[in-house]
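Enquirer: Protein chains in written order, with the numbering used here: chain A, 624 to 785; chain B, 32 to 824. Idealized CB from N, CA, C, for every residue including glycine.
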Amino acid sequence: MRFLRSYAKSLLLWELLLGMRLTLRHFFSPKVTIRYPEEKTPKSPRYRGMLVLRRYPSGEERCIACKLCEAVCPALAITIDSEMREDGTRRTTRYDIDAFKCIYCGFCEEACPVDAIVASRFTEFHFEERGQQIMTKDVMLAMGDKLEPQIAADRAIENQYR
Amino acid sequence: MSDETVNIEINGEPLKARKGQMVIEVADDAGIRIPRFCYHKKLSVAANCRMCLVELEKAPKPMPACATPVGEGMKVYTQSPKALSAQKNTMEFLLINHPLDCPICDQGGECELQDLALGFGRGVSRYTEGKRVVSDPDLGPLISTDMTRCIHCTRCVRFTEEVAGYKELGATGRGEQMRIGTYIEQTVDHELSGNVIDLCPVGALNNKPFRFRGRAWEMTQHAQVSPHDPVGSNLWAHVLRGEFLRAVPRDNESINETWIADRDRYSNEGIYSEERVTTPLLRGKDGLQPVSWSEALEVAAKTLSDVIREHGADQLGALAAPGASVEEHFLFQALVRGLGSNNLDHRLGQVDFRSDGAEGHYPWFGITLEEIESLDGAMVIGSSLRKEAPMLAHRVRKAALNGTRVGLVNPAHYSYQFPTSGHLVRHGAELVTAAAEVVVALSEQLKASVPEEVQGLVKNVEPGAEARAIAEGLAAGESRWVMLGQLARSHPNWSELRALGLAAAGMANARFGVLSDGGNSAGAALAGVLPHRGPGAQAVKDAGLNAHEMFVSPRQAYLLLDCEPARDAWDSAAARDAMAGADKVIALASFMNEDLRQQADIVLPVGVYAESFGTRVNGEGRWQSSQGTVQPPGEARPAWKILRALGNVLELDGFEQMDPEEVLRDARAAIGEPGPGEENLDGVELAQPARPKGLWRLGEMPIYAVDALVRRSEPLQQTRDGRAAEARLAPADAEQLNVNDGDAVRVSLGNRGCRLLARIDTALPKGSVAVPVGLAETEGLGPRHGGVTVERI
Ligand code: SF4
Ligand code: SF4
Ligand code: SF4
Ligand code: FES
Chain A
624 MRFLRSYAKS LLLWELLLGM RLTLRHFFSP KVTIRYPEEK TPKSPRYRGM
674 LVLRRYPSGE ERCIACKLCE AVCPALAITI DSEMREDGTR RTTRYDIDAF
724 KCIYCGFCEE ACPVDAIVAS RFTEFHFEER GQQIMTKDVM LAMGDKLEPQ
774 IAADRAIENQ YR
Chain B
32 MSDETVNIEI NGEPLKARKG QMVIEVADDA GIRIPRFCYH KKLSVAANCR
82 MCLVELEKAP KPMPACATPV GEGMKVYTQS PKALSAQKNT MEFLLINHPL
132 DCPICDQGGE CELQDLALGF GRGVSRYTEG KRVVSDPDLG PLISTDMTRC
182 IHCTRCVRFT EEVAGYKELG ATGRGEQMRI GTYIEQTVDH ELSGNVIDLC
232 PVGALNNKPF RFRGRAWEMT QHAQVSPHDP VGSNLWAHVL RGEFLRAVPR
282 DNESINETWI ADRDRYSNEG IYSEERVTTP LLRGKDGLQP VSWSEALEVA
332 AKTLSDVIRE HGADQLGALA APGASVEEHF LFQALVRGLG SNNLDHRLGQ
382 VDFRSDGAEG HYPWFGITLE EIESLDGAMV IGSSLRKEAP MLAHRVRKAA
432 LNGTRVGLVN PAHYSYQFPT SGHLVRHGAE LVTAAAEVVV ALSEQLKASV
482 PEEVQGLVKN VEPGAEARAI AEGLAAGESR WVMLGQLARS HPNWSELRAL
532 GLAAAGMANA RFGVLSDGGN SAGAALAGVL PHRGPGAQAV KDAGLNAHEM
582 FVSPRQAYLL LDCEPARDAW DSAAARDAMA GADKVIALAS FMNEDLRQQA
632 DIVLPVGVYA ESFGTRVNGE GRWQSSQGTV QPPGEARPAW KILRALGNVL
682 ELDGFEQMDP EEVLRDARAA IGEPGPGEEN LDGVELAQPA RPKGLWRLGE
732 MPIYAVDALV RRSEPLQQTR DGRAAEARLA PADAEQLNVN DGDAVRVSLG
782 NRGCRLLARI DTALPKGSVA VPVGLAETEG LGPRHGGVTV ERI
């Protein structure tokens with residue numbers, strides 16, 4: 624009896640039909656392909672893309688060189704030099720993040736007491752020469768300025784849960 | 032404190048304690064940690080922070096462990112619910128007014144309050160009212176203040192009062208209004224003041240030059256030994272990415288306890304001075320030009336051999352800084368002796384070398400620093416102790432407060448914050464007579480006869496009351512000590528002063544010691560950087576010229592090891608002229624100066640103390656080695672490497688070492704174990720001192736001008752001691768010269784002179800003017816001690 628059933632199954636290509644059924648189902652289901660770069664996937668306000676440095680609305684950089692981000696970074700991607708600025712405040716003279724070392728864990732953002740270093744939604748960056756992957760303070764501040772509206776909006780949403 | 036022991040129990044653990052000990056001390060010894068802020072083992076008990084509250088059986092309330100003496104059968108609980116709740120509540124009170132500053136606070140990461148708040152603080156503050164804000168006093172260039180963070184532990188206040196001996200800081204107001212500051216607007220100037228930085232448990236008092244430059248957790252820590260005075264204080268060098276950012280004390284009970292002097296703490300700032308030499312330089316058509324090492328070494332070697340071929344080895348003079356390491360001194364003397372010259376010295380600040388043959392094998396205190404504390408009587412001749420060796424002065428002060436009777440014989444009334452048995456102050460030319468007075472008084476006191484050799488000096492000397500008091504102090508008790516300071520060593524009558532000091536020591540059966548210049552003069556003497564002795568104090572045939580003779584009878588060529596003759600030499604004018612007149616000057620230098628720029632033919636850049644392995648012998652005869660912790664800048668190299676390479680190019684023997692440890696091994700082998708040697712008066716011709724015309728120049732070496740590195744440390748130069756370019760006059764002389772405080776005066780000596788501001792100083796005896804040496808303003812002026820004229824301009 625068992626022999627007959629298995630003989631019939633293989634003669635009628637039953638398993639093939641099963642496979643074809645799945646194919647047929649996908650044939651009619653809605654499509655998910657995103658036509659990047661014309662179309663983009665939606666991102667969460669918590670998305671961890673390029674790290675940037677923020678300023679206060681007054682234009683003053685937020686970072687106070689506490690070096691907590693540097694200490695917490697598990698990939699040792701951050702390097703900070705600091706000194707006393709003319710006006711007596713604590714500031715960085717160098718703030719580098721090595722984008723090749725960074726694992727985008729977002730710990731630096733968590734550690735920062737003044738929301739200076741944040742992970743933005745921005746992901747479309749590339750480097751053409753060796754050395755460019757060291758993102759300097761100037762680069763990150765400039766990017767921060769550019770992305771500030773989005774960053775501020777994202778932080779506003781996030782703040783509800785903090 | 033009595034030796035009686037009592038039995039107590041802490042957290043159920045039975046312990047033995049000495050009667051009179053505080054609970055916290057016993058707990059510390061047993062490794063039981065009780066939280067604390069105001070308690071410090073080296074300071075008196077204040078018990079004002081209340082963080083150390085513990086539960087005592089039978090006591091109705093928690094008690095402060097730092098102020099509760101142990102008693103027989105006492106049962107202490109440091110972790111019981113009652114103790115913990117007391118500690119947590121204290122912490123909550125402390126944090127009421129404490130700012131949330133940690134991210135911008137330099138103490139962050141090494142803060143006692145932060146650490147304890149983690150253990151005893153609440154996660155969320157219940158306090159929502161406004162916090163107190165306090166303005167920050169300006170304490171000068173060394174200490175930064177953020178007084179809002181102060182928790183009123185008063186450690187700083189107790190330090191200035193008890194250890195420094197000078198109440199510079201104090202607490203005014205009470206309760207919420209309490210403020211720590213200087214009572215009147217002024218800076219903190221004591222030479223140990225930097226220690227309040229380490230004492231302050233919070234970020235209220237911090238290291239100003241270091242401000243905001245690094246975090247405790249990212250720096251690496253390396254053991255170092257200070258090269259600035261013969262105490263050889265132990266330091267930790269804190270290094271961030273190859274930069275020596277700050278120095279803090281390394282505990283060593285037998286040397287510096289838990290303190291260091293400001294000179295040791297802030298000299299590292301000089302390392303990064305603009306004046307650092309970073310490439311080998313060779314004199315070309317238009318001044319010194321950078322060249323490669325191989326060229327520089329070739330030329331240096333050729334220059335040396337040419338000079339010797341043309342003028343003879345006798346025409347080479349070699350001078351080394353007394354702060355250089357044993358390795359450097361050893362190779363330096365091997366090089367110079369290898370070239371056939373014995374004109375070799377490290378004692379640039381000395382002029383009287385008549386006792387050379389009778390001196391011990393190396394200059395030392397004659398006693399260990401710890402032993403000073405248990406002395407009964409002591410006498411110090413010719414020393415502004417606090418400025419010459421602050422940590423030694425601290426020991427002497429501790430001893431004096433403990434009952435040691437310390438007498439002083441000085442050319443000016445230096446301030447000591449301790450009771451003395453007498454302070455005999457005499458005009459510089461009469462210092463010998465002053466010492467003689469003490470010797471006579473001592474012989475009367477002890478009914479001993481004055482030694483034969485110094486009979487001539489004590490003839491017709493009638494001791495005054497002060498001398499008698501000093502003699503009485505020295506004669507008291509069993510253990511006694513006589514020490515001669517740097518001012519005595521640089522005195523034109525060093526031999527007489529030394530002879531009288533030795534005579535006093537002999538009569539009183541006291542130990543005899545010397546406070547020499549620099550961090551390693553003992554090592555230099557042992558390594559043989561002396562004209563008359565080779566390594567291990569072996570006498571050499573044909574002694575060469577000493578440091579002073581090398582300048583007054585100029586040589587054709589000079590080889591310098593990190594010294595600046597126009598500032599270091601006893602006769603800076605002769606030194607400058609000799610350098611200018613020399614055919615060739617080869618300088619191994621860490622810093623550039625105007626004289627080198629004009630006079631040097633070859634400059635070889637060397638590393639400073641933290642930049643290479645180095646061994647220094649301190650004033651107790653203690654050998655201390657430390658590793659290089661940072662790289663010398665640019666092309667600069669450790670001096671031992673340069674000397675070794677020079678030796679190789681010159682094809683001399685004994686320059687095969689591959690590393691500095693090997694140099695040290697060779698040096699130790701050559702030195703052997705000579706011991707301190709005997710101090711005697713054999714063959715020393717003594718003479719009556721002459722009194723020169725005019726005012727007596729008292730050439731003090733200011734505390735922040737002792738060596739090339741300290742001179743480049745900007746923060747130290749900005750302190751009150753660093754701005755020492757003043758001519759200090761006795762009131763009587765000022766009146767006679769019609770000079771007011773702050774007037775410009777011209778101090779001249781023959782055809783040389785310099786312009787200084789006058790300061791009227793009651794500490795000076797009539798007829799003396801204190802004109803410091805070692806400063807840019809007074810370099811090249813002339814003899815350290817002797818007659819000068821002062822006029823108002
Ligand atoms: S980015 Fe934030 S965490 Fe990093 S140093 Fe600046 S203030 Fe501190
Ligand atoms: S003193 Fe300590 S607790 Fe206070 S702000 Fe500074 S690091 Fe934080
Ligand atoms: S400044 Fe520092 S050491 Fe002085 S009382 Fe305040 S907390 Fe204590
Ligand atoms: S440590 Fe005991 S009260 Fe401060």
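Using the Cα positions of residue 451/B and residue 616/B, report the straight-line distance between them to the nearest angstrom.
Expert: Rounded to whole angstroms, residue 451/B to residue 616/B spans 48 Å at the Cα level.
Enquirer: Is the shortest distance between the beta-carbon of residue 243/B and the beta-carbons of chain A less than 8 Å?
Expert: Yes - at least one Cβ of chain A is within 8 Å of the one on residue 243/B.
Enquirer: Tell me, to the nearest whole angstrom, how far the beta carbon of residue 515/B is from that of residue 546/B; I am working on the premise that it is less than 8 Å.
Expert: Going by Cβ atoms, the distance from residue 515/B to residue 546/B rounds to 7 Å, so yes, they are a contact pair.
Enquirer: Quick one: is residue 763/A near chain B, going by C-beta distance under 8 Å?
Expert: Output row for residue 763/A: interface = no.
Enquirer: Which chain A residues sit within Cβ distance under 8 Å of residue 267/B?
Expert: The premise fails here: residue 267/B is roughly 20 Å from chain A at the closest Cβ pair, so nothing lies under 8 Å.
Enquirer: With DSSP as the reference, identify every bridge partner of residue 827/B, one or two as the case may be.
Expert: Outside the shown range of chain B (32 to 824) lies residue 827/B, about which nothing can therefore be said.
Enquirer: Taking residue 248/B as the query, report the chain A residues whose CB atoms sit under 7 Å from its CB, ordered along the chain.
Expert: By Cβ distance, chain A contributes 694.
Enquirer: Between the region 241-250 of chain B and the region 265-273 of chain B, do at least 3 Cβ pairs fall closer than 8 Å?
Expert: Because the criterion of three Cβ pairs below 8 Å is met, the region 241-250 of chain B and the region 265-273 of chain B touch.
Enquirer: Mind checking which residues open and close the alpha helix (DSSP H) that includes residue 186/B?
Expert: From DSSP, the alpha helix (DSSP H) with residue 186/B extends over 186-189.
Enquirer: Check each residue of the region 79-98 of chain B: if its Cβ is closer than 8 Å to any Cβ of chain A, include it; give the result in chain order.
Expert: Listed in sequence order: no entries.
Enquirer: For a contact defined as C-beta to C-beta under 9 Å, what are the partners of residue 688/A on chain B?
Expert: Here the neighbours are 134, 135, 243.
Enquirer: Exposed or buried, which one is residue 681/A when buried takes at least 16 other CB atoms within 10 Å?
Expert: Residue 681/A is exposed by the Cβ-count criterion.
Enquirer: In chain B, what lies closer than 7 Å to residue 705/A by C-beta?
Expert: Near residue 705/A (Cβ distances below 7 Å), the residues of chain B are 243, 244.
Enquirer: Would you kindly work out how many angstroms separate the C-alpha atoms of residue 523/B and residue 342/B, rounded to a whole number?
Expert: Each residue's Cα considered, the two are about 31 Å apart.
Enquirer: Using only CA atoms, which one of 217/B, 159/B, 276/B, 69/B lies nearest to residue 190/B?
Expert: Selected option, being the one with the closest Cα: 69/B.
Enquirer: Does the Cβ of residue 83/B lie closer than 7 Å to at least one heavy atom of ligand 4?
Expert: Yes.
Enquirer: Residue 285/B by DSSP, collapsed to three states: which one?
Expert: Of the three classes helix, strand and coil, the one that applies to residue 285/B here is coil, per DSSP.
Enquirer: Buried or exposed, going by whether 16 or more other CB atoms sit within 10 Å of the CB of residue 486/B?
Expert: Counting Cβ neighbours within 10 Å, residue 486/B comes out exposed, since fewer than 16 surround it.
Enquirer: Would you please verify whether the beta carbon of residue 699/A is less than 8 Å from any beta carbon of chain B?
Expert: Cβ-Cβ to chain B under 8 Å: no for residue 699/A.
Enquirer: For residue 395/B, which three-state DSSP category applies?
Expert: Residue 395/B: coil per DSSP, three-state reduction.
Enquirer: If you reduce the DSSP assignment to three classes, tell me which class residue 163/B lands in.
Expert: Residue 163/B falls in the coil class under three-state DSSP.
Enquirer: Does residue 644/A have its Cβ less than 8 Å from a Cβ in chain B?
Expert: Chain B, which has no Cβ nearer than 8 Å to the Cβ of residue 644/A, makes this no.
Enquirer: Could you check whether the Cβ of residue 713/A sits closer than 8 Å to any Cβ belonging to chain B?
Expert: Output row for residue 713/A: interface = yes.
Enquirer: Which value, in whole angstroms, describes the spacing of the CA atoms of residue 449/B and residue 404/B?
Expert: Near 13 Å, if we compare the C-alpha coordinates of residue 404/B and residue 449/B.
Enquirer: Whose Cβ in chain B lies nearer than 8 Å to the Cβ of residue 691/A?
Expert: Ordered by position in chain B, the residues that pass the 8 Å Cβ test against residue 691/A are 134.
Enquirer: Could you run through the region 728-750 of chain A and flag, in chain order, every residue whose CB is less than 8 Å away from some CB of chain B?
Expert: Hits within the stretch, in order: 736, 737.
Enquirer: Would you say the beta carbon of residue 576/B comes nearer than 7 Å to a heavy atom of ligand 1?
Expert: The answer is no for residue 576/B.
Enquirer: Spatial neighbours of residue 542/B within its chain, please: CB distance less than 6 Å, with the 5 preceding and 5 following residues excluded, ordered by chain position.
Expert: 397, 398, 512.
Enquirer: For ligand 2, I want to know if residue 138/B counts as a neighbour, meaning its beta carbon is within less than 7 Å of at least one of the ligand's heavy atoms.
Expert: Checking the Cβ of residue 138/B against ligand 2 gives yes.
Enquirer: Could you give the first and the last residue of the continuous beta strand (DSSP E) run that contains residue 233/B?
Expert: Note, residue 233/B: premise wrong, no beta strand (DSSP E); not H, not E.
Enquirer: With 16 as the cutoff for other CB atoms within 10 Å, does residue 656/A come out buried or exposed?
Expert: So residue 656/A ends up on the exposed side.
Enquirer: How is residue 715/A classed by DSSP in three states: helix, strand or coil?
Expert: Residue state, collapsed to three classes: strand.
Enquirer: Let me confirm a value: residue 643/A is counted as buried when at least 16 other C-beta atoms fall within 10 Å, else exposed. Which label applies?
Expert: By the neighbour-count rule (16 or more Cβ atoms within 10 Å), residue 643/A is not buried but exposed.
Enquirer: With distance defined between alpha-carbon atoms, name the residue in 566/B, 560/B, 261/B nearest to residue 576/B.
Expert: Comparing Cα-Cα distances from residue 576/B to each of 566/B, 560/B, 261/B, the minimum goes to 560/B.
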